[in-house]
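If you read the protein sequences in the order shown, they are chains A and B.
Be aware that the first sequence starts at 0, since it is given in numbering that gives the first Met the number 0, and climbs by one per residue.
Be aware that the second sequence starts at 0, since it is given in numbering that gives the first Met the number 0, and climbs by one per residue.
There are 2 protein chains.
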Amino acid sequence: MTEKLVIWTYDWVPGGKSGPRGHVRDIRLRWACEEAGLPYEVKSVPFEGRDSAHFARQPFGQVPFLEDGDITLFESGACLLHLAHKSEVLMPRDAKGEAEVLEWTIAGLNSMEMVTVPWWFVSLFDGPDNRLKDWMLQRLAHLDAVLTSHEWLAAGRFTVADLLMADVLRVPRLRAANPHPALEAYIERVCARPAFKRAYDGQMAHFALGDS
Amino acid sequence: MTEKLVIWTYDWVPGGKSGPRGHVRDIRLRWACEEAGLPYEVKSVPFEGRDSAHFARQPFGQVPFLEDGDITLFESGACLLHLAHKSEVLMPRDAKGEAEVLEWTIAGLNSMEMVTVPWWFVSLFDGPDNRLKDWMLQRLAHLDAVLTSHEWLAAGRFTVADLLMADVLRVPRLRAANPHPALEAYIERVCARPAFKRAYDGQMAHFALGDS
Chain A
0 MTEKLVIWTY
10 DWVPGGKSGP
20 RGHVRDIRLR
30 WACEEAGLPY
40 EVKSVPFEGR
50 DSAHFARQPF
60 GQVPFLEDGD
70 ITLFESGACL
80 LHLAHKSEVL
90 MPRDAKGEAE
100 VLEWTIAGLN
110 SMEMVTVPWW
120 FVSLFDGPDN
130 RLKDWMLQRL
140 AHLDAVLTSH
150 EWLAAGRFTV
160 ADLLMADVLR
170 VPRLRAANPH
180 PALEAYIERV
190 CARPAFKRAY
200 DGQMAHFALG
210 DS
Chain B
0 MTEKLVIWTY
10 DWVPGGKSGP
20 RGHVRDIRLR
30 WACEEAGLPY
40 EVKSVPFEGR
50 DSAHFARQPF
60 GQVPFLEDGD
70 ITLFESGACL
80 LHLAHKSEVL
90 MPRDAKGEAE
100 VLEWTIAGLN
110 SMEMVTVPWW
120 FVSLFDGPDN
130 RLKDWMLQRL
140 AHLDAVLTSH
150 EWLAAGRFTV
160 ADLLMADVLR
170 VPRLRAANPH
180 PALEAYIERV
190 CARPAFKRAY
200 DGQMAHFALG
210 DS
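Dropping the structure here:
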C-alpha cells in the first residue's frame, strides 16, 4: 500500500518576466514523480507572511518540502535523492551507478548552483558582468567539457542528476550568458522530456489558481 | 575483506593567514573516516598544473575525490553521504533518521555554503559588507534559530550533517562576521571532537610534507 506523496509549495508566486513562476523548486519534485510514475498531490503554504508553522517544516522559510508517509523532507536536492531510491527510472540500482548519480547530483547543487545562483542574484543589481562572472563561466566551461563527450551525466543514461542539472541551467539569465552550444543542447534535450512539460504545466496551473 | 579507502587531495596548498591549508575539503572525508573508524590512506595530485588526468577524475579540477574499491566519487558532499552508509556513527539506520541526515547535509551544501562561500569570495575584493552580506546574515539567523533549541541538526545526535555544517561555518572570515553566540558555540562543540583534531592534524602534516 503506497500513500500518495505530498509536494508542498507556495500558494502563489509572481509571474511575468522577472517572477519565479516556472522556476520554483517544487518543479524538481513534480518532474521526478512524473518521470517515475510516482503518485503525488500538491499542497500549499502561503507565499505572503510565512509563519512559524512554515519555519518548523522548512527552517530557511523556503519551498518545497516533501511528505512521504510519516517522513517529511526539505531541500529539493534531498527530496530528489530520496525519490531516486523509489524508482530505477531516476537512479540505477548498482553501486557504481548510484555513486555516479550521487556525485553528479551534488555537483549540480554544490559546484554549479553554488556559483550560478549567487551570480544571478548579484546580476540583479550589477548586471551580468559582475564579480562572480569569471567563476560562473569557469564552471560552465568545465561542465561543457563533460557534456561534449557525454550525452548524460551519470550511468550512461538519463537520471535524476540530469533533471537537477538541467533545472539549474535553464534559468533564462544564465542561458543568455552561456557561450557553450553543447550545454544549450543538453538543456534542450533534458527539458524536451514529456515529464518536464507535465511538471512545468502543473506548476504554472497551480500558481495561476492563486491569481486574483 | 575491506579494502582501505583512498582520499585524494593536493600534494600541497599555501598556508599562512590567507592560504586554504586546514580548510581543504579532504578534511571532511578524513574527519568522517576518523569518526567512524574507517581505515583510509591519503594520496596526492599536483596542486600546480592540474592536468587532464585530474579532470578525468574531478571534472571541476578540485579535490577531494574518494576511492572505495572500484568506485570513485568526487564532491565532498557526495563522499560524505557515501561514507555515511558505511557506519551508524555517521548516520542512523532508520528511515526517519536517514531522511534528517540527508536534508541537513544538503542544507549545509545548498542553503548555507551556497551563500557563505560566494559571500567569502566577494569579500576578498569588496570586504565583508558586500552584495551578499544580507543574504548570508539571513541564512545564519535561520540556522541560529534551529541551533538555539537543538544541540545537533539531525536525529537528536551528532551525525555527518553536523560534520559538514561545522566545516562550512568554521571559516575564520565567516566566524568573524557571525553575530550569533549559539552558532559559535555549535561550531566549537562540533570541532572539539577528537576526530576533527586528528583530521585537521592529518591535513596539516600532509601539506607540510610538500613545503620545500
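Note that beta-carbon positions come from the ideal geometry of N, C-alpha and C, so glycine has one too.
Range of the contiguous alpha helix (DSSP H) that encloses residue i
i      : result
A:V189 : P180 to C190
B:E215 : With chain B covering 0 to 211 only, the question about residue 215 of chain B has no answer from this structure.
B:F206 : P193 to L208
A:A106 : A94 to A106
A:A153 : Unbroken run through A:A153: none, as it is neither H nor E.
A:Q137 : K132 to L146
B:E34  : D25 to A35
A:D166 : V159 to L168
A:R174 : P171 to A176
Contact with chain A by residue i, beta-carbon distance below 9 angstroms
i      : result
B:P28  : Residue identity check: residue 28 of chain B is Leu in the sequence provided, not Pro. B:L28 does not count as touching chain A.
B:E102 : yes
B:F195 : no
B:E87  : no
CB contact check: residue i to chain B, cutoff 9 angstroms
i      : result
A:A77  : yes
A:W227 : There is no way to answer for residue 227 of chain A, as the model of chain A reaches only from 0 to 211.
A:H81  : yes
A:A144 : yes
A:M0   : Any reading at A:M0 is ruled out, since the residue's pLDDT is 47, under 50, leaving its predicted position unreliable.
A:E74  : yes
A:F54  : yes
A:P19  : no
Closer than 8 angstroms at the beta carbon, the chain B residues around residue i
i      : result
A:M113 : L108, N109, E112, M113, V116 and P117
A:R138 : F59
A:H131 : The displayed chain sequence assigns Leu, not His, to residue 131 of chain A. Those are P117, F120 and V121, listed as they occur along chain B.
Chain A residues whose Cβ lies nearer than 8 angstroms to that of residue i
i     : result
B:G60 : H141
B:K95 : D69 and I70
B:I6  : Chain A residues near B:I6: none, gap ~15 angstroms exceeds 8 angstroms.
Residue range of the beta strand (DSSP E) that includes residue i
i      : result
A:V116 : From DSSP, A:V116 is part of no beta strand (DSSP E) but of the alpha helix (DSSP H) over E112 to D125.
Proximal residues of chain A, C-beta to C-beta of residue i below 7 angstroms
i      : result
B:F46  : None at all; the shortest Cβ gap to chain A is about 17 angstroms.
B:A98  : I70, L72 and H81
B:F124 : R130
Residues that residue i bridges to, as DSSP identifies them
i     : result
A:T7  : The question names Thr, but residue 7 of chain A in the sequence shown is Trp. In the DSSP output, where bridge partners are listed per residue, A:W7 has A:K42 and A:F64.
B:T71 : B:E66
9 angstroms Cβ cut-off: residues of chain A touching residue i
i      : result
B:I186 : Under the 9 angstroms cutoff, chain A gives no residues; its nearest Cβ is about 17 angstroms from B:I186.
Any non-hydrogen atom of the ligand HEM closer than 8 angstroms to residue i Cβ
i     : result
A:A31 : The model on display carries no ligand, and the ligand HEM is accordingly not part of it.
Any C-beta of chain C under 9 angstroms from that of residue i
i     : result
A:E40 : Absent from the structure: chain C. Protein chains present are A and B.
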